[in-house]
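These notes are about the structure you will find just below.
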Amino acid sequence: MVYVSNDNRQNTVKTREFIYCLEDKVINGEKLSPKDAYKLLKIRGIGIYDLFCSANHIRDYYKGNSISLCAIINAKSGRCSEDCAFCAQSVRYESKIKNYPLIKPEVIVSIAEESWKKGAHKFSIVTSGKSLSKQEINKVCIAIKEISKKNHVHRCASLGILTEEMGLSLKQAGLECYHHNLETAESFFPNICSTHRYEERINTLKIAKRLGLKICCGGIFGMGESIEQRVELAFTLKNIGVDSVPVNFLIPIVGTPLENTNILTPLECLKILAVLRFVLPHQNIITCGGRERNLKSLQSVMFLAGANGTIIGDYLTTKGRESDEDLNLIKDLMLRVDEE
Numbered sequence: 002m003v004y005v006s007n008d009n010r011q012n013t014v015k016t017r018e019f020i021y022c023l024e025d026k027v028i029n030g031e032k033l034s035p036k037d038a039y040k041l042l043k044i045r046g047i048g049i050y051d052l053f054c055s056a057n058h059i060r061d062y063y064k065g066n067s068i069s070l071c072a073i074i075n076a077k078s079g080r081c082s083e084d085c086a087f088c089a090q091s092v093r094y095e096s097k098i099k100n101y102p103l104i105k106p107e108v109i110v111s112i113a114e115e116s117w118k119k120g121a122h123k124f125s126i127v128t129s130g131k132s133l134s135k136q137e138i139n140k141v142c143i144a145i146k147e148i149s150k151k152n153h154v155h156r157c158a159s160l161g162i163l164t165e166e167m168g169l170s171l172k173q174a175g176l177e178c179y180h181h182n183l184e185t186a187e188s189f190f191p192n193i194c195s196t197h198r199y200e201e202r203i204n205t206l207k208i209a210k211r212l213g214l215k216i217c218c219g220g221i222f223g224m225g226e227s228i229e230q231r232v233e234l235a236f237t238l239k240n241i242g243v244d245s246v247p248v249n250f251l252i253p254i255v256g257t258p259l260e261n262t263n264i265l266t267p268l269e270c271l272k273i274l275a276v277l278r279f280v281l282p283h284q285n286i287i288t289c290g291g292r293e294r295n296l297k298s299l300q301s302v303m304f305l306a307g308a309n310g311t312i313i314g315d316y317l318t319t320k321g322r323e324s325d326e327d328l329n330l331i332k333d334l335m336l337r338v339d340e341e
């Protein structure tokens, strides 16, 4: 027989009371402090499951039982001039990926249509490189216009650093959302990238927001950042007023500076999702790259820990799951696919 000390019982009760108190605050419209978020990320033991339970309550309260599904296309791959330490597409690293220029608009449209049929109601055109040329933007605009004619898929793009002129052209073509990750906290960013400044990323988000586009912005966790820096990123996203938060977990790519980084444990990943739900109750929390490898057998728990969306299909340079597996998962959890 295993005996549990009174001290352990009392600590468990205190942890549970702390979590439920913060849950009530969030549901009542009150804001968490960075100190509160830090304490939640530090929870260990059985209290982790209380954290997931509360995050699930918050998700259900603000987002209902619908799950948002997004698909992406790697429309231009490799040969990127930037030195982001996690990225297989940087020209500075020896990684084994396919390199190709911007694909034809009709191919992008075809893949968008295929993704729609597989259940994705959001589709994002993603390109490598710091930014696109005017000619490339024009090709993307042609694809966006055609996609908007064929179905009701929500149109998103991730094309790097944005100018006002580029953003206006994209919006006029029918773009609804612009995706541009901050990747990590500003205090940790110099450890990840030296070829452009954090302010450039922030400015791109401001331009997209001024133009009336929705903002999809998140980062990659597990690159060596501290718990404090995870909290820092969460509150930066909150202060910017993003609409969706794509949550990636590092997959160490051979040939990149982070190739020997240890991946996060499944429970650590789920705690990050849960705390993001506490800090950003109104936003879509979308699990993206790295979920298969980092969450392992606990992928089904991501929705019960606060996430309300995921990418289906493949990512940029890594394979994803078959869309049918994710659709079955959502059905088994008695949730439904968001069709808006």
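The sequence shown finishes on residue 341 if you use our numbering, and the numbering steps up by one all the way, no holes.
Ideal placement from N, C-alpha and C gives every residue a C-beta, glycine not left out.
Proximal residues to residue i (C-beta, below 8 Å), its chain only, five neighbours per side dropped
{"i": "Val5", "result": "The pLDDT assigned to Val5 is 44, lower than 50, so where the model puts this residue is not dependable; a value taken from the coordinates is nonetheless given after this. Contacts found: none."}
{"i": "Ile264", "result": "Gly223, Phe250, Leu251, Ile252, Pro253, Gly291, Arg294, Asn295"}
{"i": "Ala121", "result": "Leu70, Cys71, Ala72, Val154, Ile313, Gly314, Ser324"}
Interface flag, residue i vs chain B, CB-CB below 9 Å
{"i": "Gln11", "result": "The question asks about chain B, but that chain is absent: this structure has only one protein chain."}
Burial state of residue i, where buried means 16 or more other Cβ atoms lie within 10 Å
{"i": "Cys22", "result": "exposed"}
{"i": "Ile216", "result": "buried"}
{"i": "Arg337", "result": "exposed"}
{"i": "Asp339", "result": "buried"}
{"i": "Val154", "result": "buried"}
{"i": "Asn152", "result": "exposed"}
{"i": "Pro191", "result": "exposed"}
{"i": "Met167", "result": "buried"}
{"i": "Arg60", "result": "buried"}
{"i": "Asp51", "result": "buried"}
{"i": "Asn285", "result": "buried"}
Pick from the options that is closest to residue i, judged by C-alpha positions
{"i": "Ser55", "options": "Lys272, Glu326, Lys297", "result": "Lys272"}
{"i": "Asn75", "options": "Gly30, Leu296, Gly242, Phe124", "result": "Phe124"}
{"i": "Ser324", "options": "Gly46, Ala72, Ile143, Ile203", "result": "Ala72"}
{"i": "Thr185", "options": "Pro106, Arg278, Leu238, Lys36", "result": "Leu238"}
{"i": "Val141", "options": "Ser67, Lys150, Asn152, Ala158", "result": "Ala158"}
{"i": "Val276", "options": "Thr16, Lys43, Asn192", "result": "Lys43"}
{"i": "Thr262", "options": "Thr164, Phe87, Ile28, Asn309", "result": "Phe87"}
{"i": "Pro102", "options": "Glu326, Ala113, Gly79", "result": "Gly79"}
{"i": "Glu147", "options": "Val108, His180, Arg198, Cys178", "result": "Val108"}
{"i": "Ala308", "options": "Ser298, Pro247, Lys105", "result": "Pro247"}
{"i": "Leu41", "options": "Ala306, Gly242, His180", "result": "Ala306"}
{"i": "Arg156", "options": "Arg17, Val110, Gly242, Asp37", "result": "Val110"}
{"i": "Glu1", "options": "His197, Glu18, Glu269, Asp244", "result": "Residue coverage of the chain in this structure runs from 2 to 341, which leaves residue 1 outside it and unanswerable."}
{"i": "Gly46", "options": "Arg17, Ile145, Ala113", "result": "Arg17"}
{"i": "Leu390", "options": "Ile49, Ile241, Ile138", "result": "Examination of residue 390 is not possible in this model, given that the chain is present from 2 through 341 alone."}
Cβ shell of residue i (< 6 Å), same chain only, five flanking positions each side left out
{"i": "Gln136", "result": "none"}
{"i": "Leu160", "result": "Thr128, Leu133"}
{"i": "Gly220", "result": "Asn182, Leu183, Glu184, Thr185, Leu234"}
{"i": "Val14", "result": "none"}
{"i": "Ser67", "result": "Arg337, Asp339"}
{"i": "Ile28", "result": "Tyr62"}
7 Å CB neighbourhood of residue i in its chain, flanking five on each side removed
{"i": "Gln11", "result": "none"}
{"i": "Ile162", "result": "Lys131, Ser132, Glu201, Thr205"}
{"i": "Met2", "result": "Unreliable placement is indicated for Met2, whose pLDDT of 40 sits below 50; the coordinate value is still reported in the next sentence. If we look at Met2 and ignore the five residues flanking it on each side, it has no Cβ neighbours."}
{"i": "Ser188", "result": "Gln230, Glu233"}
{"i": "Tyr63", "result": "Pro282, His283"}
{"i": "His58", "result": "Glu24"}
{"i": "Arg93", "result": "Asp84"}
{"i": "Ser195", "result": "Asp84"}
Contact test: residue i Cβ vs the ligand SAM heavy atom, cutoff 8 Å
{"i": "Ile73", "result": "As for the ligand SAM, it is missing from this structure, which has no ligand bound."}
Go through the stretch 103–173 residue by residue and report every complete run of the beta strand (DSSP E) that reaches 3 residues or more, in order.
123–128, 155–159
Does the stretch 78–92 come into contact with the stretch 294–304, if we say contact requires no fewer than three beta-carbon pairs (one atom in each stretch) closer than 8 Å?
no
Mind the definition here: the stretch 98–117 touches the stretch 163–175 only if three or more C-beta pairs lie below 8 Å; say whether that holds.
no
Check whether the stretch 204–214 touches the stretch 250–267, taking contact to mean three or more Cβ pairs, one atom from each stretch, closer than 8 Å.
no
Just list the beta strand (DSSP E) runs in the stretch 187–233, keeping only unbroken ones of 3 residues or longer that don't cross its boundaries, in chain order.
215–217, 220–222
Which ranges would you report for the beta strand (DSSP E) in the stretch 265–333 if only whole runs of at least 3 residues count?
285–288, 310–312
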